[in-house]
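Residue numbers (numbering that gives the first Met the number 0): 0 to 112.
All C-beta atoms, glycine included, are put in the ideal place defined by N, C-alpha and C.
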Amino acid sequence: MIKIIEVNISEIILDEKACSEMITRACNRHSSWQVRGINSDEFIVYVVIEDTPAPSVKNYRLAPLPGGNKEEIVAEIKNRYFNGFTTIGSFMTDKGRYALFAEVVLPKEQETE
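1. Quick check: V46 and V56, are their CB atoms within less than 8 angstroms of each other?
2. Within the continuous alpha helix (DSSP H) that includes M21, where are the two ends?
3. Just the C-alpha distance for E41 and I87, rounded to the nearest angstrom, thanks.
4. Rounded to the nearest angstrom, what separates I43 and A25 at their Cα positions?
5. Return the first residue and the last residue of the alpha helix (DSSP H) that K77 is part of.
6. Name the DSSP beta bridge partners of K94, please?
7. With distances taken from CA atoms, which of I72, I48, S31, S30 is nearest N38?
8. Return the Cβ separation of S31 and Y59 in integer angstroms, given the expectation that the two are a contact with Cβ distance under 8 angstroms.
9. Beta-carbon separation of Y97 and I11 under 8 angstroms?
10. Ignore the nearest five residues each way along the sequence and tell me which others in I4's own chain have a CB closer than 7 angstroms to its CB.
11. Here's the rule: buried if 16 or more other CB atoms are within 10 angstroms of the residue's CB, otherwise exposed. What is V113?
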């Protein structure tokens with residue numbers, strides 16, 4: 000199963016938290032639904048949701064991805080990774096680069112490794 004959610008970029012800029020919660024709620028409707036990627040055009044971010052047997056995602060978060068060069072962007076992605084978030088993808092807006100992050104919850108047997 001595949002589902003595409005369209006999110007207007009202007010809505011993300013106005014209220015990234017509400018848009019993040021909407022994506023999380025959509026995925027929580029079925030335990031196997033997870034965001035597998037994003038795509039965008041000038042106005043819309045297309046969030047691709049699929050049925051997938053993967054580690055559970057607790058929350059999705061749209062947020063600015065600061066950095067003016069490669070090193071700063073890589074450092075920000077790594078910082079978020081070490082704080083429990085994986086990067087799904089990014090897109091440009093007139094306010095700069097934004098990204099969609101996922102807070103991954105590992106199965107109990109993997110938490111202690």
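On the basis of the supplied data:
1. no
2. 15 to 27
3. 19 angstroms
4. 17 angstroms
5. 69 to 81
6. The partner list for K94 (beta bridge, DSSP) is empty, contrary to what the question assumes.
7. I48
8. 15 angstroms between Cβ atoms; not a contact.
9. yes
10. I22, A25, V46, I48
11. Absent from the structure is residue 113, since the part of the chain shown begins at 0 and ends at 112.
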